[in-house]
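Numbering (full-length UniProt numbering), first residue to last: 1 to 297.
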Amino acid sequence: MDANLDDALAVFTAVRRRLFGIAYRMLGTATEAEDLVQETWLRWQGTDRTVVDDPPAFLATTTTRLAINQLQSARVRRETYIGPWLPEPVDTSADPTLGAERTEALGFAVLVMLEKLTPTERAAYVLREAFAYEYPQICDIIQVSEASARQLVSRARKHLAGERRREASKDEQRRLLTAFVAAAKTGDLAALERLFAEDVVSYSDGGGVVRASKFPVRGRVTVAKFVRAFHTHFWNGVDVIQAESNGQPSVLLAKEGAVFAVLTVVASTDEGGGPGIDQVLWMMNPGKLGAAYAHVS
């Protein structure tokens, strides 16, 4: 490798985690984000770097524009996806913000909501809210006027605010997740119902590859009965390992050292201040578990 390429690699390596953080928040899949970051590196190799005034800005711009383009085809694929689509979990135990200034646009529930935004809305929101880019920078990256950039971010905020609830603290989320696993393993219907919000939804993402519910299961009583229905065989021989995925508490479910699911709950506090589980998320598609979750010791 020549000296110029050595310099190019050093610049790229210094911002690689940020580039992955942008790509992941845009696409919701770590596998595709890694591929996109690799494409950014190839383009950086082939660029006349002597004319690039701000390499980190150039690399962020390249990554974001590639992600915007990729989202168009991703939407078509997700329309034909078998069962509920959930984001691919990422291990954030060592990097809680995943290369960003803030944890925004990282949690599972928000990533699912971001799917409803246009690619440019999503890009503007991610760059502003997670990475604290100034509006002039956002304009340059997504090639819109400053007024348009502000409008895109404002529209995205309003859309998400209309669907978001007051999130429970991380400690409460962990407590509720632990209680849920205990009740699910024993099939304790009453305990499950006490943990759930009235309109709780259970999403199982098997992608048509493994056996999982192809439809969301809704409602406190229905979800509790659904979880109890498979408790006698689902949990046999399963090891439950505490983890942190996407900045929130999760558990890895493993058999004989191989992880077959990442499980988490999304919880909020109601008007009375009491926490309850709004969503139960079962990420079971083997293609989404990735190298980070492939095996546990």
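The beta-carbon is built from N, C-alpha and C at its ideal position, and this holds for glycine as well.
Classification of residue i by the beta-carbon crowding that lies within 10 angstroms, buried from 16 upward
{"i": "Ala82", "result": "This sequence places Ile at residue 82; Ala is not what is there. Its Cβ having fewer than 16 others within 10 Å, Ile82 is exposed."}
{"i": "Ile277", "result": "buried"}
{"i": "Arg218", "result": "exposed"}
{"i": "Val126", "result": "buried"}
{"i": "Ala124", "result": "buried"}
{"i": "Asn236", "result": "exposed"}
{"i": "Phe20", "result": "buried"}
{"i": "Asn4", "result": "exposed"}
{"i": "Met1", "result": "Residue placement at Met1 is poorly supported in this model, since its pLDDT is 47, which falls under 50; the coordinates are not used for a value here."}
{"i": "Leu42", "result": "exposed"}
{"i": "His233", "result": "exposed"}
{"i": "Lys288", "result": "buried"}
{"i": "Glu129", "result": "buried"}
{"i": "residue 300", "result": "Any property of residue 300 remains undetermined from this structure, which presents the chain solely from 1 to 297."}
Contacting residues, own chain, Cβ-Cβ under 8 Å from residue i (five flanking each side not counted)
{"i": "Gly247", "result": "Thr92, Pro96, Thr97, Leu98, Thr103, Leu106 and Gly107"}
{"i": "Arg150", "result": "Tyr135"}
{"i": "Gln161", "result": "For the sequence presented, residue 161 should be read as Ala rather than Gln. Hits under 8 Å: none found."}
{"i": "Arg164", "result": "Ala109, Val110 and Met113"}
{"i": "Thr120", "result": "Ile68, Ile142, Val144 and Leu152"}
{"i": "Gln45", "result": "Leu5 and Ala8"}
{"i": "Leu27", "result": "Ala33, Leu36, Ala67, Gln70, Leu71 and Ala74"}
6 Å CB neighbourhood of residue i in its chain, flanking five on each side removed
{"i": "Leu114", "result": "Arg122"}
{"i": "Phe58", "result": "Val52"}
{"i": "Val11", "result": "Pro55"}
{"i": "Thr29", "result": "Glu88"}
Cβ-Cβ distance between residue i and residue j below 8 Å
{"i": "Thr47", "j": "Leu66", "result": "no"}
{"i": "Ser268", "j": "Ala168", "result": "yes"}
{"i": "Glu146", "j": "Tyr135", "result": "yes"}
{"i": "Pro249", "j": "Leu177", "result": "yes"}
{"i": "His231", "j": "Thr186", "result": "yes"}
{"i": "Arg49", "j": "Ala8", "result": "yes"}
{"i": "Val266", "j": "Leu253", "result": "no"}
Start and end residues, alpha helix (DSSP H) containing residue i
{"i": "Thr269", "result": "Careful: Thr269 lies outside any alpha helix (DSSP H), inside the beta strand (DSSP E) at Ala258 to Thr269."}
{"i": "Pro136", "result": "Tyr135 to Ile142"}
{"i": "Trp41", "result": "Ala30 to Gln45"}
{"i": "Leu281", "result": "That residue, Leu281, is in no alpha helix (DSSP H); its beta strand (DSSP E) goes Pro275 to Met283."}
{"i": "Asp171", "result": "Lys170 to Thr186"}
{"i": "Glu146", "result": "Glu146 to Ala161"}
{"i": "Ile68", "result": "Pro55 to Glu79"}
Cβ shell of residue i (< 7 Å), same chain only, five flanking positions each side left out
{"i": "Phe196", "result": "Arg220, Val223, Ala224, Gly276 and Ile277"}
{"i": "Gln72", "result": "Pro119"}
{"i": "Glu172", "result": "Ala267 and Pro275"}
Boundaries (first-last residue) of the beta strand (DSSP E) holding residue i
{"i": "Lys255", "result": "Gln248 to Lys255"}
{"i": "Phe196", "result": "Phe196 to Asp205"}
Expected contact under 8 Å - CB spacing of residue i and residue j to nearest Å
{"i": "Val280", "j": "Ser213", "result": "Rounded, the Cβ-Cβ distance is 11 Å, inconsistent with contact."}
{"i": "Leu117", "j": "Ala156", "result": "5 Å"}
{"i": "Gly290", "j": "Glu32", "result": "That pair is no contact at about 11 Å."}
{"i": "Lys243", "j": "Val251", "result": "It should be noted that the sequence gives Ala, not Lys, for residue 243. At roughly 6 Å, the Cβ-Cβ gap stays under 8 Å, so Ala243 and Val251 are in contact."}
{"i": "Val37", "j": "Thr63", "result": "7 Å"}
{"i": "Val209", "j": "Pro286", "result": "6 Å"}
{"i": "Met284", "j": "Phe260", "result": "7 Å"}
{"i": "Asp205", "j": "Leu86", "result": "4 Å"}
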